[in-house]
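Asks: Listed in order, the protein sequences are those of chains Y and A. As numbered in the working numbering, residues 1 to 491 make up the first sequence, in order. As numbered in the working numbering, residues 492 to 982 make up the second sequence, in order. Ideal Cβ placement from N, Cα and C applies to all residues, glycine included. Note that this is a predicted model, so its numbers are computed, not measured.
Number of protein chains: 2
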Amino acid sequence: MEHPLLVYNTLTRSKQVFEPLNPPHVGMYVCGPTVYGDAHLGHARPAITFDLIFRYLKHLGYKVRYVRNITDVGHLEDDADEGEDKIAKKARLEQVEPMEVVQYFTDRYHSNMQQLNVLSPSIEPRASGHIIEQAGMIDDILKSGMAYVSNGSVYFDVEKYNQQYHYGKLSGRVLEDLMSNTRTLEGQDEKRNPFDFALWKKAQPEHIMRWPSRWSDGFPGWHLECSAMSARYLGNTFDIHGGGMDLLFPHHESEIAQSMAAHGSEPAKYWLHNNMITINGQKMGKSLGNFITLNDFFSGDHTSLTQAYSPMTIRFFILQAHYRSTLDFSNEALQAAEKGLDRLLTAWNKIPRLKPSKQSTLEVEDLEKKCYAALNDDFNSPMVIAHLFEAVRWINAINDGKEQLTANHLELLQGLFNRFAGEILGLIPAETADSAEGLSDKLLEILISLRQQARASKNFAASDLIRDSLKNIGILLRDTKNGVEWEIEED
Amino acid sequence: MEHPLLVYNTLTRSKQVFEPLNPPHVGMYVCGPTVYGDAHLGHARPAITFDLIFRYLKHLGYKVRYVRNITDVGHLEDDADEGEDKIAKKARLEQVEPMEVVQYFTDRYHSNMQQLNVLSPSIEPRASGHIIEQAGMIDDILKSGMAYVSNGSVYFDVEKYNQQYHYGKLSGRVLEDLMSNTRTLEGQDEKRNPFDFALWKKAQPEHIMRWPSRWSDGFPGWHLECSAMSARYLGNTFDIHGGGMDLLFPHHESEIAQSMAAHGSEPAKYWLHNNMITINGQKMGKSLGNFITLNDFFSGDHTSLTQAYSPMTIRFFILQAHYRSTLDFSNEALQAAEKGLDRLLTAWNKIPRLKPSKQSTLEVEDLEKKCYAALNDDFNSPMVIAHLFEAVRWINAINDGKEQLTANHLELLQGLFNRFAGEILGLIPAETADSAEGLSDKLLEILISLRQQARASKNFAASDLIRDSLKNIGILLRDTKNGVEWEIEED
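So this is what it looks like as structure tokens:
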């Protein structure tokens, strides 16, 4: 390959050549959802970002073990280890068992991921299913002297850790600043310092999500699950750790500290973070109350939405921005994405009907190289999409007889679309490809052929009737010198 | 309700009135799949049987917590606690981490369940996620004196248990017979008696699915997971325990023994068992090597299949037999099911187009009562289907003007179909109802209307052309006095 794959590593704040620890194997861990509510647009972004990375690494021939967890216990309302467990609270409000909440929202998350054409990870471990591994890691951290037991709970001793290592190396924060800025909260007198974080929390009597342990009947801290599960399935040091930028601190910073204290090694070689989705410049988040769920987008049933948007429009909208840029939500931007995706797929549909020429006037191989170069530059999906739109212009120009490609090059172009728009960007779901041969197409062919026969026998009343009937249901026919073309009308 | 719900309880070998322990709540536990291969027809039967029961209990107004587990550890090749773990073996052969095998086949199982229109259970716990609960239950059984530690493994002491309770009460087996019939296998010298079963197995050095415990680094026995997880999510005694009849002994028998020993109470009030699917009279099973996977059925790609069968055909085939009867697989039986389901859905599609009369000549309310009576008689789905076919005959007779129903009664009939064929038997997936408004239907309407106009203007060449074009793609038009009807041609 001409260009090596470069990835932006948050840890070094630079683009680095991607060199996996144990090629051709790649281990990738990405923080998944806390399943106490429906996934919103802010959940779609990391899922689609790391789906792109998963797909591209596999395309390059790596054997990727992709682990994305389900947080079903231990994520408290307040990041400072206080407040109720998010899932336990939802379960209390709904008067059900917490695991029913977990199952319900996990099923809905999976369904959303399927709609967005996000591939299943190789392993999807649940925090509640790995209490033993988490307790084992607490033992190791206690042995290293960087945690302490307090009233049945166990806390990570950030100050002690920082004497030997650097708490803040990922997020760039400085412990002294943290110390002076941290409020002392009520009920935190168990901690030596307010920025210490819980590895194990003793459960209050009413807390039903609890497990026995050496320290108390309780539950693990939120940061710990990712450290324990990534080590369990990918080893103490693996290649890529990903997640949203909002998880950088304290979650990922604390993961590094836990792994260093327990194993004496950094958990991941490359840390990749997707940026946030904003609404009017503010982060979209469940805790901020300004979120729009994916199901809202698909149904259009939300006061901030002027219409429904298909899952593929959402996917395209997200991939149109580089994953490290912020992405601002607006109806206008989504409508533009909808039109853009439609143009892309319409052109893709046209390729099989293009007439081959004896000569080529366009450089297909060159375009392919550009697409790879874009992906190798830290997964630059907007650049790939720009190149695909160049191909769209080519397709239309060939269709109009203004440019030419040989049969061989047309096949290459088809392959380029299938590979980049389909396999890697995931914008062409398998069903679309199948349904192109479906019943609707066959019926439409009959109608178009009837209309042609009516025109041939100068029965224009009949041919107009067919055209108008189709227009009524949103299908536009266009007569070109290459025959009749049709497209679904844009609103 | 006129008739109370009767369920056949394997424990009492009789039909009993269903009286839940804590109405309106119902707790139901059903043994799910061991995820080391694709689901076959033998897996579809318990899934669909208990889906019917889940749907009907919810229809009756019960709040059902339905727990169906995923066995991802501890199920050894040999029921007598020997041989390799089924999942670990598959992982070794495929050179992947066992949890990758689990994730892959769990995803495919879920996808099959969705195709079969089987609702998600309320909670779907995994054995590997409940090691602590299983270890806790072993402690309780050891305390009761009905288990013993041997070389790092823990075994249930069946003989000792049988002195106080009755090992064999569910399956009707007699311990003395078991004792004389059980082969002594090599490597079983850890056990006091060959019919003792493992609660905890010490892991061999090469066994990678292992957890620390008080007894050894090892893994739980297969029978234990269901006891521990049902108690965790449904309490020590719950309403319904279900599964295939092949699980009756030793799995369910051992579950009863474990619960009695640990909690001093029976786990479930009602034990429900579906019968087996047979091929030429022999049970279909993965271990027997005569299984046909669900994906094979859906694709038709198997030497024993003469064609592909849709998921709904499989569902209908299974519901056409009572769950306690054996069901023999054959292509002829499946083809008959395909035709039957088609007749049912064709009639259902006709209802909105039936003309209401001033009088009714048929007793719709009576048919509804019969459907409830059938379901209340131990979920007699074949009887419900027979009643629905009575309704099919009515619909055709009304269509032919030979019988009459008022608008009110037509609405009742529509409701009866929606409720029994749709909501309870699950034979009408939500998408079918939607796609009736889909693009294909609109295109077909245009074609039918064009044909009517051609006939009206005596242009029979044009009208025949439309009819023949549709016939070519498998759509048959039929002129009736109520207008044009269409149906998808049967092969």
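(1) Counting Cβ pairs closer than 8 Å, one from the segment 691-705 of chain A and one from the segment 614-630 of chain A, do we hit at least three?
(2) Which word fits Y:V30, buried or exposed, when buried means at least 16 other C-beta atoms lie within 10 angstroms of its C-beta?
(3) Which one or two residues does DSSP pair with A:W702 in a beta bridge?
(4) Closest Cβ-Cβ distance between Y:M28 and chain D: below 8 Å?
(5) In three-state terms, what does DSSP make of A:H531?
(6) Out of curiosity, what's the CA-to-CA distance linking A:A694 and A:M720?
(7) For the segment 625-704 of chain A, list the beta strand (DSSP E) runs that are entirely contained and at least 3 residues long, ordered along the chain.
(8) Would you kindly work out how many angstroms separate the C-alpha atoms of A:I632 and A:F729, rounded to a whole number?
(9) Just mark A:S734 as buried or exposed, buried being the case when its beta carbon has 16 or more other beta carbons within 10 Å.
(10) Could you name the residues of chain A that Y:L116 contacts, counting a contact when the two beta carbons are closer than 8 Å?
(11) Taking DSSP as the reference, what is the three-state secondary structure of A:L779?
(12) Going straight from the alpha carbon of Y:L305 to that of Y:S150, what length do you get?
(13) Is the shortest distance between the beta-carbon of A:P703 and the beta-carbons of chain Y less than 8 Å?
(14) Tell me which residues share the same chain as A:Y553 and place their Cβ nearer than 8 Å to its Cβ, disregarding the 5 neighbours each side in the sequence.
(15) Report the partner residues of A:H516 according to the DSSP bridge assignment.
(16) What does DSSP give as the partner residue(s) for A:F788 in the beta ladder?
(17) In this structure, how does DSSP classify A:R559 when only helix, strand and coil are distinguished?
(18) State the CB to CB distance for the pair A:T837 and A:E615, rounded to an integer number of angstroms; the pair is presumed to be in contact (CB under 8 Å).
(19) Only counting the same chain, and skipping five residues up and downstream in sequence, which positions put a Cβ closer than 7 Å to that of Y:G152?
(20) With 16 as the cutoff for other CB atoms within 10 Å, does A:Q594 come out buried or exposed?
(21) Would you be able to state if there are at least three C-beta pairs under 8 Å between the segment 313-323 of chain Y and the segment 332-348 of chain Y?
(22) In the DSSP assignment, the beta strand (DSSP E) including A:D732 goes from what residue to what residue?
(23) Measure the C-alpha to C-alpha separation of A:M590 and Y:Q404 and round it to an integer number of angstroms.
(24) Return the residues of the segment 95-111 of chain Y that lie within a Cβ-Cβ distance of less than 7 Å from chain A, sorted by chain order.
(25) Determine, using beta carbons only, whether Y:R324 comes closer than 8 Å to chain A.
(26) Do Y:A454 and Y:L416 have their C-beta atoms within less than 8 Å of each other?
(27) Might you give, ordered along the chain, the residues of its own chain that have their beta carbon closer than 6 Å to the beta carbon of Y:A407, omitting 5 neighbours on each side?
(28) Which residues of chain Y have a Cβ atom closer than 8 Å to the Cβ of A:S619, listed in chain order?
(29) Does the beta-carbon distance from A:M519 to A:I783 come in below 8 Å?
(30) Between the alpha carbons of Y:D434 and A:N840, how many angstroms are there, rounded?
(31) Could you give the DSSP three-state label for Y:A456: helix, strand or coil?
(32) Just the Cα atoms here: how many angstroms apart are Y:D196 and Y:Y155?
(33) Given that a residue counts as buried once 16 or more other Cβ atoms are within 10 Å of its Cβ, and exposed if not, what is Y:P205?
(34) Which partner residues does A:L967 have in the DSSP bridge list?
(35) Considering only the beta carbon of each residue, do A:Y814 and A:F870 sit closer than 8 Å?
(36) So, using beta-carbon positions, are A:L785 and A:H531 closer together than 8 Å?
Replies: The answer reads as follows:
(1) The count of Cβ pairs closer than 8 Å, one atom from the segment 691-705 of chain A and one from the segment 614-630 of chain A, reaches three, so the stretches are in contact.
(2) Within the first sequence, residue 30 of chain Y is the residue found at index 30, counting from 1. If you draw a 10 Å sphere on the C-beta of Y:V30, you find 16 or more other C-beta atoms in it, and that means buried.
(3) As a first step, residue 702 of chain A is located in the second sequence; it is residue number 211 there, counting from the start. Answer is A:G709.
(4) The structure shown has no chain D; the protein chains it does contain are Y and A.
(5) One-based indexing of the second sequence puts residue 531 of chain A at position 40. DSSP places A:H531 in strand when its eight states are reduced to three.
(6) To locate residue 694 of chain A, count along the second sequence from 1; it is residue 203. To locate residue 720 of chain A, count along the second sequence from 1; it is residue 229. For A:A694 and A:M720, the distance between alpha carbons rounds to 22 Å.
(7) 638-641, 644-647 and 688-693
(8) Taking the second sequence and counting its residues from 1, the one referred to as residue 632 of chain A is at position 141. Taking the second sequence and counting its residues from 1, the one referred to as residue 729 of chain A is at position 238. Distance from the CA atom of A:I632 to the CA atom of A:F729, rounded to whole angstroms, is 19 Å.
(9) Position 243 of the second sequence, counted from the first residue, corresponds to residue 734 of chain A. With the sequence shown as reference, residue 734 of chain A is identified as Gly, and Ser is not the correct amino acid for it. Classification of A:G734: buried, given that the 10 Å Cβ count is 16 or more.
(10) Taking the first residue of the first sequence as 1, we reach residue 116 of chain Y at position 116. Those within 8 Å of Y:L116 in chain A number zero; the least Cβ separation is about 16 Å.
(11) Position 288 of the second sequence, counted from the start, is the residue given in the question as residue 779 of chain A. Here A:L779 sits in coil by DSSP.
(12) Taking the first residue of the first sequence as position 1, residue 305 of chain Y is located at position 305. Taking the first residue of the first sequence as position 1, residue 150 of chain Y is located at position 150. A direct Cα-to-Cα measurement between Y:L305 and Y:S150 gives close to 49 Å.
(13) Here residue 703 of chain A corresponds to residue number 212 of the second sequence, with the count starting at 1. Yes, its Cβ sits closer than 8 Å to a Cβ of chain Y.
(14) For the purposes of this step, residue 553 of chain A is taken as the residue at position 62 of the second sequence. Cβ within range, chain order: P511, P514, P515, H516 and V517.
(15) As a first step, residue 516 of chain A must be located in the second sequence, where it is residue number 25. According to DSSP, A:H516 shares a beta bridge with A:N513 and A:K554.
(16) Along the second sequence, one-based indexing puts residue 788 of chain A at 297. DSSP, once it has assigned bridges, lists no residue as partnering A:F788.
(17) Here residue 559 of chain A corresponds to residue number 68 of the second sequence, with the count starting at 1. A:R559: strand per DSSP, three-state reduction.
(18) Locating residue 837 of chain A in the second sequence gives position 346, where the first residue counts as 1. Locating residue 615 of chain A in the second sequence gives position 124, where the first residue counts as 1. No, A:T837 and A:E615 are not in contact; Cβ-Cβ is about 36 Å, not under 8 Å.
(19) Stepping through the first sequence from its first residue, residue 152 of chain Y is reached at position 152. The beta carbon of Y:G152 sits closer than 7 Å to the beta carbons of K202, W215, S216 and G218 from its chain, once the five residues preceding and following it are set aside; these are given in chain order.
(20) In the second sequence, counting from the first residue as 1, residue 594 of chain A sits at position 103. Buried is the call here.
(21) Touching, per the Cβ criterion.
(22) Numbered from its first residue, the second sequence carries residue 732 of chain A at position 241. The sequence shown places His at residue 732 of chain A, not Asp. F729 to G735 is the span of the beta strand (DSSP E), which, as asked, contains A:H732.
(23) For the purposes of this step, residue 590 of chain A is identified with residue 99 of the second sequence, where counting begins at 1. For the purposes of this step, residue 404 of chain Y is identified with residue 404 of the first sequence, where counting begins at 1. Cα-Cα distance, rounded: 51 Å.
(24) E97, M99, E100, Q103 and D107
(25) For the purposes of this step, residue 324 of chain Y is identified with residue 324 of the first sequence, where counting begins at 1. False, the Cβ-Cβ gap to chain A never drops below 8 Å.
(26) To locate residue 454 of chain Y, count along the first sequence from 1; it is residue 454. To locate residue 416 of chain Y, count along the first sequence from 1; it is residue 416. No; because the gap between Cβ atoms is not below 8 Å, this pair is not in contact.
(27) Looking up residue 407 of chain Y in the first sequence gives position 407. Hits under 6 Å: P356.
(28) On the second sequence, position 128 is the one that residue 619 of chain A refers to. The answer, in chain order, is G129.
(29) Taking the second sequence and counting its residues from 1, the one referred to as residue 519 of chain A is at position 28. Taking the second sequence and counting its residues from 1, the one referred to as residue 783 of chain A is at position 292. Cβ atoms of A:M519 and A:I783: not closer than 8 Å.
(30) On the first sequence, position 434 is the one that residue 434 of chain Y refers to. On the second sequence, position 349 is the one that residue 840 of chain A refers to. Since pLDDT at Y:D434 reaches only 43, below the 50 mark, its modelled position is unreliable, and the value read off the structure follows with that caveat. Between Y:D434 and A:N840, the C-alpha separation is close to 26 Å.
(31) Taking the first residue of the first sequence as 1, we reach residue 456 of chain Y at position 456. Assignment of Y:A456 by DSSP, reduced to helix, strand and coil, places it in the helix class.
(32) Counted from its first residue, the first sequence places residue 196 of chain Y at position 196. Counted from its first residue, the first sequence places residue 155 of chain Y at position 155. Straight-line Cα distance between these residues: approximately 6 Å.
(33) Taking the first residue of the first sequence as 1, we reach residue 205 of chain Y at position 205. The residue is exposed, with fewer than 16 neighbouring Cβ atoms inside 10 Å.
(34) As a first step, residue 967 of chain A must be located in the second sequence, where it is residue number 476. According to DSSP, A:L967 bridges with A:E978.
(35) Position 323 of the second sequence, counted from the start, is the residue given in the question as residue 814 of chain A. Position 379 of the second sequence, counted from the start, is the residue given in the question as residue 870 of chain A. In this structure, A:F870 lies closer than 8 Å to A:Y814 by Cβ.
(36) Position 294 of the second sequence holds residue 785 of chain A. Position 40 of the second sequence holds residue 531 of chain A. Cβ atoms of A:L785 and A:H531: closer than 8 Å.
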